[in-house]
Amino acid sequence: FLSPFLFISLFNFIYFIMKKIFLALTVVLSVSTSAFAGNSSNNSAAWNMEINTYKLGRFLDLKGQQYDDVLMISEHFSDELRKVNFAKEEDKAKRLRTAVYGNLKLMKNTLTDAQYKKYVHLVNVTLKNKGLDTYLTIAE
Numbered sequence: 080f081l082s083p084f085l086f087i088s089l090f091n092f093i094y095f096i097m098k099k100i101f102l103a104l105t106v107v108l109s110v111s112t113s114a115f116a117g118n119s120s121n122n123s124a125a126w127n128m129e130i131n132t133y134k135l136g137r138f139l140d141l142k143g144q145q146y147d148d149v150l151m152i153s154e155h156f157s158d159e160l161r162k163v164n165f166a167k168e169e170d171k172a173k174r175l176r177t178a179v180y181g182n183l184k185l186m187k188n189t190l191t192d193a194q195y196k197k198y199v200h201l202v203n204v205t206l207k208n209k210g211l212d213t214y215l216t217i218a219e
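Here our numbering is used: the first residue of the sequence shown is 80, the next is one more, and so on.
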């Protein structure tokens, strides 16, 4: 038989080892999870183009039906950019170029010349600030 002291010592030793193993697994899982989450969130932030149509409307001085049209075009543009985000890396440049130029074409039909010039400038600055302008320069 095992003496009670030896039994308790053995039990404490096994308990100590199990705690260390559990702690090590927890650390490994949390580090790997945060590493993957960090990569995806940094990548997704650039592609998030939620457009504040109210501010855009004030900036462009939109009137009546223009506001509704710009709202629909902006929602469509945001959806297209989300699709670009999930595209293969080699397709992103072409898809971004298509989304941006499609958006500009729709806006040109909706806005006056002065409003359109302001909008094009705003889109260029926004893409540059988000680091997405490099995708447009390498697109063919």
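Built from N, CA and C at the ideal position, the CB exists for glycine as well.
Check	Outcome
Contact check, Ala-178 vs Glu-159, beta carbons under 7 Å	yes
Backbone CA spacing between Thr-105 and Asp-170 [nearest angstrom]	37 Å
Residue environment, Phe-84, which counts as buried when at least 16 other CB atoms sit within 10 Å	exposed
For Lys-98 and Leu-211, the rounded distance between their alpha carbons	47 Å
Candidates Asn-164, Gln-144, Lys-162 and Leu-201, of which the one nearest Asn-188 by Cα	Gln-144
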